[in-house]
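J.: Going by the numbering used here, the first residue of the sequence shown is number 201, and it counts up by one from there. We put the CB at the ideal spot given by N, CA and C, even for glycine.
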Amino acid sequence: MKYLIPISFLLLNIVTGSKLKAQQPEVIARLNPPAPDMSGIAVSSDNRVFLGFPRHADNHQSFALAELVDGKPVPFPNAEYVYPSSKAFKDWLVSPHGLYMDKNDVLWILDDGKRDGLKEIPEGAAKVVALDSKTKKILHTLVIPKPVLSDDSHYNDLRVDLSHGAKGTVYIANSGFGERYSLLVIDVATGKTREVLLNHYSTSPEPGFMGFLEGKPLSYDFKAQTFPAGGIDGLALSPDSKTLYWTAITGRRMYSLPTESLSNPAISEQQLRDLVKYEGEHPACDGLAEDENGNIYFGAFEQQSLVQRTTDGKFHLLAHDKDNFVWPDGLAYRNGYLYVTLGQWNRLPGFNDGKDLRKPPYLVERIKVNAN
201 MKYLIPISFL LLNIVTGSKL KAQQPEVIAR LNPPAPDMSG IAVSSDNRVF
251 LGFPRHADNH QSFALAELVD GKPVPFPNAE YVYPSSKAFK DWLVSPHGLY
301 MDKNDVLWIL DDGKRDGLKE IPEGAAKVVA LDSKTKKILH TLVIPKPVLS
351 DDSHYNDLRV DLSHGAKGTV YIANSGFGER YSLLVIDVAT GKTREVLLNH
401 YSTSPEPGFM GFLEGKPLSY DFKAQTFPAG GIDGLALSPD SKTLYWTAIT
451 GRRMYSLPTE SLSNPAISEQ QLRDLVKYEG EHPACDGLAE DENGNIYFGA
501 FEQQSLVQRT TDGKFHLLAH DKDNFVWPDG LAYRNGYLYV TLGQWNRLPG
551 FNDGKDLRKP PYLVERIKVN AN
């Protein structure tokens with residue numbers, strides 16, 4: 201007699217890849233309406249936690265960026281900058297998605313500029329803002345200009361490479377609202393923006409992708425989407441800033457490029473395409489995080505788990521929670537802890553016949569990890 205093993209069980213065991221005992225995460229915030237659902241997260245060297253609240257799926261009228269203070273979100277840097285405004289789009293945060301904290305505690309904010317119900321992304325709305333987390337001073341506002349800016353783009357995550365360019369280089373994942381997937385490269389000093397690897401196999405959804413969400417098998421169909429989907433999404437930067445890694449939200453393959461080439465405008469598109477390196481498979485995920493030793497972290501939405509990939513290419517299960525890890529979204533590593541925003545994006549009305557299946561509170565958690 202043959203015994204049938206559930207695929208979900210097999211997937212979890214493949215991902216685990218080790219006998220390390222999963223740990224119990226610590227809840228550091230519980231957000232209830234009218235507070236909106238959060239996505240991006242960044243943590244400073246002194247453990248201050250910042251959250252982004254995008255408007256691309258819910259054009260809410262609340263704050264778009266906040267700092268957690270005693271577990272409560274406080275608008276940051278001030279209410280005027282993070283609430284909807286009639287000012288020029290470049291002068292307020294429209295829909296911040298990815299967040300990144302550099303070694304100088306400068307908070308880099310990726311504003312995708314998209315608001316639910318509006319097709320257009322106005323010029324000035326999509327941008328990167330560098331904000332000194334200590335002084336609250338805005339250091340840079342880098343507007344993504346046309347013709348690079350497209351209404352079909354979804355600027356999802358970013359990394360900042362301070363080792364290339366006079367003031368650094370920003371790498372942006374465009375996972376696509378439409379069928380447009382790419383990497384953006386911005387020179388901080390000049391503001392010059394390039395779009396590379398447009399609809400390349402490494403930045404696009406994997407053909408034929410299917411996955412499990414809350415125990416249900418779902419197949420990717422751009423015209424009839426039943427779960428959050430798209431191309432290049434999560435980014436990670438090696439500790440020496442020499443390599444950029446990325447994953448597609450609809451896929452299980454990780455790729456990389458040397459930043460020396462990616463940041464160089466003299467390198468041709470074809471040369472970049474030839475340099476793309478396949479880094480192996482990974483659990484299907486949304487955002488990524490990295491630590492000072494080169495380990496990469498994944499929020500595995502199929503397995504409802506947090507997973508670590510060590511530099512030897514092995515995977516380790518950090519935590520599993522079928523009740524709360526509905527859609528691990530933004531990840532950030534700092535001072536021995538992995539932080540995660542636990543969105544419920546797969547429960548949005550657009551994926552569920554118009555029914556909002558989200559169940560507040562929206563949780564932010566952290567877990568102690570062994571980065572060695």
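Is it buried or exposed, Ala389, if we count other Cβ atoms within 10 angstroms and call 16 or more buried?
T.: Flag for Ala389 reads exposed.
J.: Please determine if the region 489-504 and the region 391-402 are in contact, where contact requires at least 3 C-beta pairs separated by less than 8 Å.
T.: The answer is no - the region 391-402 does not touch the region 489-504, with fewer than three Cβ pairs under 8 Å.
J.: Once the 5 residues before and after Ile432 are set aside, which same chain residues still bring their CB inside 7 Å of it?
T.: These residues qualify, in order along the chain: Ala373, Asn374, Ser375, Tyr381, Leu383, Thr403, Trp446 and Ala448.
J.: Hey, how far is the Cα of Leu210 from the Cα of Gly430?
T.: In this prediction, Leu210 has a pLDDT of 38, which is less than 50 and means its spatial position is unreliable; nothing more can be read from the coordinates.
J.: Restricting to runs no shorter than 3 residues, where is the beta strand (DSSP E) found entirely within the region 226-282?
T.: Taking only runs of at least 3 residues, the beta strand (DSSP E) segments lying wholly in the region 226-282 are 226-231, 241-243, 249-252, 265-269 and 272-275.
J.: Which of the three DSSP states, helix, strand or coil, is assigned to Gln471?
T.: Note: Gln471 maps to helix in three-state DSSP.
J.: Determine the direct distance from the alpha carbon of Ala424 to that of Lys334, and round the result to whole angstroms.
T.: Taking the straight line from one Cα to the other gives about 45 Å.
J.: Between Phe253 and Asp474, what straight-line distance do the alpha-carbon atoms span, to the nearest angstrom?
T.: Distance between the alpha carbons of Phe253 and Asp474 is about 37 Å.
J.: Looking only at its chain, what residues have a beta carbon closer than 8 Å to the beta carbon of Thr511, apart from the 5 residues adjacent to it on each side?
T.: Once the five neighbours on either side are set aside, the close Cβ partners of Thr511 are Asn493, Gly494 and Asn495.
J.: By DSSP, does Asn374 sit in helix, in strand, or in coil?
T.: Of the three classes helix, strand and coil, the one that applies to Asn374 here is strand, per DSSP.
J.: I'd like to check one pair, Lys290 with Val343: are the Cβ atoms closer than 8 Å?
T.: Going by C-beta atoms, Val343 is nearer than 8 Å to Lys290.
J.: Alpha helix (DSSP H) containing Glu320: first to last residue?
T.: Premise fails: Glu320 is in no alpha helix (DSSP H) and is neither H nor E.
J.: For Ser262, which residues in the same chain have their Cβ closer than 8 Å to its Cβ, ignoring the five residues on either side in sequence?
T.: For Ser262, where only same-chain residues beyond five positions count, the Cβ hits under 8 Å are Pro234, Ala235, Pro236, Phe253 and Tyr283.
J.: Please state the DSSP three-state secondary structure of Gly430.
T.: Note: Gly430 maps to coil in three-state DSSP.
J.: Please report the Cβ distance between Gly499 and Asp521, rounded to the nearest whole angstrom; I am assuming they are in contact, meaning their Cβ atoms lie under 8 Å.
T.: Gly499 to Asp521, Cβ: 11 Å. No contact.
J.: Roughly how many whole angstroms lie between the Cα atoms of Tyr300 and Glu502?
T.: Cα to Cα, the separation comes out at about 25 Å.
J.: Quick check on DSSP: helix, strand or coil for Trp308?
T.: Here Trp308 sits in strand by DSSP.
J.: Please say whether Gln223 and Ala532 have beta carbons closer to each other than 8 Å?
T.: Not a contact, by the Cβ cut-off of 8 Å.
J.: Looking at the unbroken alpha helix (DSSP H) that takes in Thr390, where does it start and where does it end?
T.: Taken as a continuous stretch (DSSP letters only), Thr390 belongs to no alpha helix (DSSP H), as it is neither H nor E.
J.: If you count every other CB in all the chains shown that lies within 10 Å of the CB of Asn546, and 16 or more means buried, which is it?
T.: When all chains shown are included, Asn546 counts as buried.
J.: Pop quiz: Leu251 and Pro273 are said to be a contact at Cβ under 8 Å. What is the actual Cβ separation, rounded to whole angstroms?
T.: About 6 Å separates the two Cβ atoms, so the contact holds.
J.: By the DSSP assignment, the alpha helix (DSSP H) with Leu462 in it spans what residues?
T.: From DSSP, the alpha helix (DSSP H) with Leu462 extends over Thr459 to Leu462.
J.: Grouping DSSP H, G and I as helix and E and B as strand, with all else coil, what is Trp292?
T.: Coil.
J.: Starting from Leu488, follow the beta strand (DSSP E) in both directions and report where the run begins and ends.
T.: Start and end: Cys485 to Glu490.
J.: CB Leu164 to CB Leu310, shorter than 8 Å?
T.: Given that the chain is displayed from residue 201 to residue 572, the structure contains no residue 164 and the question cannot be resolved.
J.: Going by C-alpha to C-alpha distance, which of Lys319, Val507 and Tyr562 sits closest to Leu538?
T.: If we check each option's Cα against that of Leu538, Val507 comes out closest.
J.: Using the three-state DSSP reduction, which class does Arg380 fall into: helix, strand or coil?
T.: Residue state, collapsed to three classes: coil.
J.: How would you write the range of the beta strand (DSSP E) that Ile344 sits in, first residue to last?
T.: Counting along the chain, Ile344 falls outside any beta strand (DSSP E), and DSSP gives it neither H nor E.
J.: Which partner residues does Ala154 have in the DSSP bridge list?
T.: Residue coverage of the chain in this structure runs from 201 to 572, which leaves residue 154 outside it and unanswerable.
J.: Could you have a look at Pro439 and say whether DSSP puts it in helix, strand or coil?
T.: Correct three-state label for Pro439: coil.
J.: For Leu419, count neighbouring Cβ atoms within 10 angstroms of its own Cβ and tell me buried if that reaches 16, exposed if not.
T.: With the sequence shown as reference, residue 419 is identified as Ser, and Leu is not the correct amino acid for it. Counting Cβ neighbours within 10 Å, Ser419 comes out exposed, since fewer than 16 surround it.
J.: Thr450 and Phe409 - do their beta-carbons sit closer together than 8 Å?
T.: Yes; because the gap between Cβ atoms is below 8 Å, this pair is in contact.
J.: In angstroms, rounded to a whole number, what distance separates the CA positions of Asn572 and Arg534?
T.: C-alpha separation (whole angstroms): 14 Å.
J.: Thinking Tyr478 and Tyr497 are a contact (beta carbons under 8 Å), I'd like their distance in whole angstroms, please.
T.: Going by Cβ atoms, the distance from Tyr478 to Tyr497 rounds to 20 Å, so no, they are not a contact pair.
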